[in-house]
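Enquirer: Input: one structure, supplied below.
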C-alpha cells in the first residue's frame, strides 16, 4: 500500500470514528423525544389505574357523570359543601333543590348521592386530577376502567347482585377494536341506584403496580355500608331513588360519554337541550370558573375567552366592569381639569369655596380659590401692611400671571415644549421683578428679604471704626 493510499485510509477511518457517536446520539434523542403536542399524555396507565381504582366499579351512568363533573372542580367543591349542609337531601328531590345554582348540570346531578359528595369533599385534588385526565385522555381513562373491571371480575369480586347487574358486551362493529368486550355495570332496578364501597387492595386481587398502590376511600362518616362483606368485596349502603338524575352513559366503543336527552330535560327544566335519544357530551369552558387546564392541548382547545385568561382574572377578583367605570371617571376628571378649566369655571369654583380663604399680611383675608378671576394690579400676591389681598388671583385682568390650563407635573415640559418655554419665560420674568423690587418698603409688591451686600475689595461697604 502506497503512502498516499495509506494516508487516505486512516483519514477516512478517523472521520468515521468521530462522526458515528454524533449520529448515534441523534438517534437516541429522536427515540426519547416527547410525543407531539396532539398526542400529549399527562398520565400513564399505572397512574390512571391508581386514580380510578375507587370509582371504576360504580354504575356506568353515575361514573359517566363523575367524569363530566370532575372537569368543573370549583362547582364540585361548592356542591359538596351544599350537600354537607343538607345531609338528608338525596335523589331527584335534591337535584331539584339546586336547579337554580350556577353549577354545571353534571355537578348538580351528583347531589343526589350524599355518600359520593362526602367523598368528593374529602378529595378535591383527586377531583381536579380526574378532570384533567378525562379532558386530555378520555380514551385512556375509559380503557383504565375496563382494565380494573376485568381484574375485579377475574378475582371473583365483580358479579351481579340484588343491587347491580354486570353485563359483558361485545364492542360495536364500527368501533376501533370490534373483537373487544366491555364490562357494563347497571342498576338492577333502574329507579334505585346503589353506590358501592370496597377496598381496592382486596377487590382487584393482586395489584399489578406495587409502585402505584390503588387509592382507597374508606366509607365516610355517617355512610357506612349496611350490607356485610366489605372485607371480601363490594358492600352497599341504602339505595337512592334517582330516576331522572341518572342521564349519563359510557360509550365504551367511542371512548367518551353520552347524555340521554329525555332524562336530562326531565330533571334540568331550567337548562334543557334539544334533540332526542343520546347525544355526545362536550365540555363547557364557561363553567370552568378560572381553574387552569393542565395540558397544552386542553388550554388551546378550551382556554380561550371565558375559560382562559379573562376568566382567571375574574377568579382572582378582577372586575372588568368596575375597571371600565373607574376609567370613565378618570377620563371625565381629566377633561374637567385639562380641557374645561376656563377662567369662568375656576372663578365659579373659587367663589363657592369661600372656606379656602387665607389671611393676608395684616388685615382682611384673601380668597385663594379665585384662580382665574379679577387679578390684582401689578400681580401682587399679598398685602404688605393691611387692607387684605386676594392670593388666588393669579391670572386675571390686571395680573402678570396667566391661569394655567392644566395641572402641572414633572412631565408637563416633555408633553408640551411650548408650555415648557412659557414656564421658563414666566420664571425669568418673576426673577426680574424680584430684582427690580429689591430694597423697597412695605408698599412694594410683596415681602422682600433685604440683606446687606458683602464688601468686596474693601469698597462699597461700611467699615466699623474702632475707638
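Residue numbers (mature numbering (1 follows the signal peptide of the UniProt record, and there is no 0)): -30 to -1, 1 to 437.
Virtual Cβ for every residue (Gly too), placed ideally from N, Cα, C.
Quick caveat: nothing in here was measured; it's all calculated off a predicted structure.
Mind checking residue 181: buried by the 16 CB within 10 Å criterion, or exposed?
Expert: An exposed status is given to residue 181, since fewer than 16 other beta-carbon atoms sit within 10 Å of its beta-carbon.
Enquirer: Hey, out of 46, 16, 18, 28, whose CA is closest to residue 259's CA?
Expert: Per the Cα distances, 46.
Enquirer: What are the boundary residues of the beta strand (DSSP E) that includes residue 250?
Expert: 248 to 250
Enquirer: Write down the C-beta distance between residue 214 and residue 75 rounded to the nearest angstrom, noting that I regard them as a contact closer than 8 Å.
Expert: That pair is no contact at about 11 Å.
Enquirer: Can you list, in chain order, the residues of its chain whose CB lies under 6 Å from that of residue 165, leaving out five sequence neighbours each side?
Expert: Taken in chain order, the residues that qualify are 83, 85, 86.
Enquirer: Excluding five sequence neighbours on each side, which residues of the same chain lie with their C-beta closer than 8 Å to the C-beta of residue 110?
Expert: 11, 13, 15, 18, 103
Enquirer: Could you tell me whether the Cβ atoms of residue 94 and residue 24 are closer together than 8 Å?
Expert: Inclusion of residue 94 and residue 24 in the CB contact set at 8 Å is not warranted, their separation being larger than that value.
Enquirer: Enumerate in chain order the residues of its own chain whose CB-to-CB distance from residue 252 is below 7 Å, with the five nearest sequence positions on each side excluded.
Expert: none
Enquirer: Does the distance from the C-beta atom of residue 123 to that of residue 153 stay below 8 Å?
Expert: yes
Enquirer: With a threshold of 8 Å, are at least 3 pairs of Cβ atoms found where one atom belongs to the region 22 to 38 and the other to the region 56 to 68?
Expert: no
Enquirer: List in chain order: all unbroken beta strand (DSSP E) runs of 3+ residues lying wholly within the region 124 to 165.
Expert: Note on the region 124 to 165: whole beta strand (DSSP E) runs with a minimum of 3 residues are 134 to 140, 151 to 157, in chain order.
Enquirer: Which of helix, strand or coil does DSSP assign to residue 231?
Expert: helix
Enquirer: If I'm right that residue 209 touches residue 162 with Cβ under 8 Å, what's the distance once you round it to whole angstroms?
Expert: Confirmed, about 4 Å.
Enquirer: Between which residues of its own chain and residue 116 is the CB-CB distance below 8 Å, once the five residues before and five after are set aside?
Expert: 152, 153, 222
Enquirer: What do you reckon, are the CB atoms on residue 81 and residue 40 nearer than 8 Å?
Expert: no
Enquirer: Going by DSSP, what residues sit across from residue 210 in a beta bridge?
Expert: 163
Enquirer: I want to see whether chain C comes within less than 8 Å of residue 47, judged by CB atoms only; does it?
Expert: Given the protein chain composition of this structure (a single chain), no chain C is represented.
Enquirer: May I ask you to list the residues that DSSP assigns as paired with residue 205?
Expert: 167
Enquirer: Taking only the alpha-carbon atoms, compute the straight-line gap between residue 269 and residue 190 and give it to the nearest angstrom.
Expert: In a straight line, the C-alpha of residue 269 is about 34 Å away from that of residue 190.
Enquirer: Using the C-alpha atoms, what's the distance from residue 56 back to residue 70?
Expert: 16 Å
Enquirer: Can residue 114 and residue 22 be called in contact, C-beta distance under 8 Å?
Expert: yes
Enquirer: Within a Cβ cutoff of 8 Å, which residues of the same chain sit near residue 107, ignoring the five residues on either side of it in sequence?
Expert: 11, 12, 13, 18
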